[in-house]
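Take a look at the structure set out below.
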Amino acid sequence: MTERPFHIGIRVYYEDTDASGVVYHANYLRYFERARTEWLESRGHDHATLAGSEAVVFTLSDLSLRFRRPARLDDRLDVFVTVAAFRRARIVFAQEIRRNDTLLIQGEFTVACVNIHDFRPVRLPKRLYEELS
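If you're matching positions, the sequence shown starts at -5 in the working numbering and goes up one per residue.
Written as structure tokens, this is what we have:
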């Protein structure tokens, strides 16, 4: 699937950094999650409504990260989201964080569609699949 990358801006706050003044590694996962959430909302959907009306939620089932350069306090970052693969019960996202044109971190995230009641994998509801794919 080819699409234009979606992106959001993030500012690095003091609370995001570790003792060395760079972004603590786990906080990058928060940035990536925020971008995927905003991507979903840009498509007209949100997690709470999907959980209520469709009884489905997305859960992270796999991820890989490649750290290239650190982000630092007060950096302005762009977090990019591209759909790398779209299947009936999961979506694979390719994501990057950049400072200006400098690549800081790359990630690939697989999210599975699961039933909210028993957390078993399920197919995306047909309407949702058609709208997102």
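The beta-carbon is built from N, C-alpha and C at its ideal position, and this holds for glycine as well. Predicted, not measured: the structure shown is a model, and the values here were computed from it.
Backbone CA spacing between residue i and residue j [nearest angstrom]
i	j	result
E90	S14	23 angstroms
R62	F52	28 angstroms
Y8	L67	6 angstroms
I99	I85	20 angstroms
G38	D10	29 angstroms
D128	L57	Since the first residue of the chain shown is -5 and the last is 127, residue 128 is not available in this structure.
C107	E125	15 angstroms
M(-5)	F103	With a pLDDT of 47 at M(-5), under the threshold of 50, the predicted position of this residue should be treated as unreliable, though the coordinate-derived value follows. Between M(-5) and F103, the C-alpha separation is close to 15 angstroms.
R24	D95	21 angstroms
R47	V116	Going by the sequence as given, residue 47 is Ser instead of Arg. Approximately 15 angstroms between the Cα atoms of the pair.
A88	E27	12 angstroms
V6	G101	19 angstroms
L97	R114	36 angstroms
A42	V16	33 angstroms
D112	S127	25 angstroms
R(-2)	D12	33 angstroms
8 angstroms CB neighbourhood of residue i in its chain, flanking five on each side removed
i	result
F0	A29, E32, W33, S36, F74, V75 and T76
Among the options, nearest to residue i - alpha-carbon criterion
i	options	result
A83	E125, L44, L23 and L118	L118
A79	T43, V108, A45 and Y123	Y123
H19	R5, R60, H41 and R81	R60
A120	Y22, R81 and R5	Checking the sequence shown, residue 120 turns out to be Lys, not Ala. Measuring from the Cα of K120, the nearest candidate turns out to be R81.
Residue i - containing alpha helix (DSSP H), residue span
i	result
S36	H19 to S36
Cβ distance (whole Å) where residue i is taken to contact residue j below 8 angstroms
i	j	result
L44	V105	About 12 angstroms; that fails the 8 angstroms criterion.
A49	I110	5 angstroms
R93	G3	Not quite, the Cβ-Cβ distance comes to about 11 angstroms (not below 8 angstroms), so this is no contact.
Continuous beta strand (DSSP E) stretch holding residue i: start and end
i	result
E124	Where E124 is concerned, there is no enclosing beta strand (DSSP E), although the alpha helix (DSSP H) it sits in stretches over K120 to L126.
T96	T96 to N109
F0	F0 to R5
L59	V50 to F61
E90	R84 to R93
Cβ neighbours of residue i in the same chain (closer than 6 angstroms, five flanking residues each side left out)
i	result
N21	D10
Same chain only: Cβ atoms within 7 angstroms of residue i, ignoring 5 sequence neighbours per side
i	result
D40	L34
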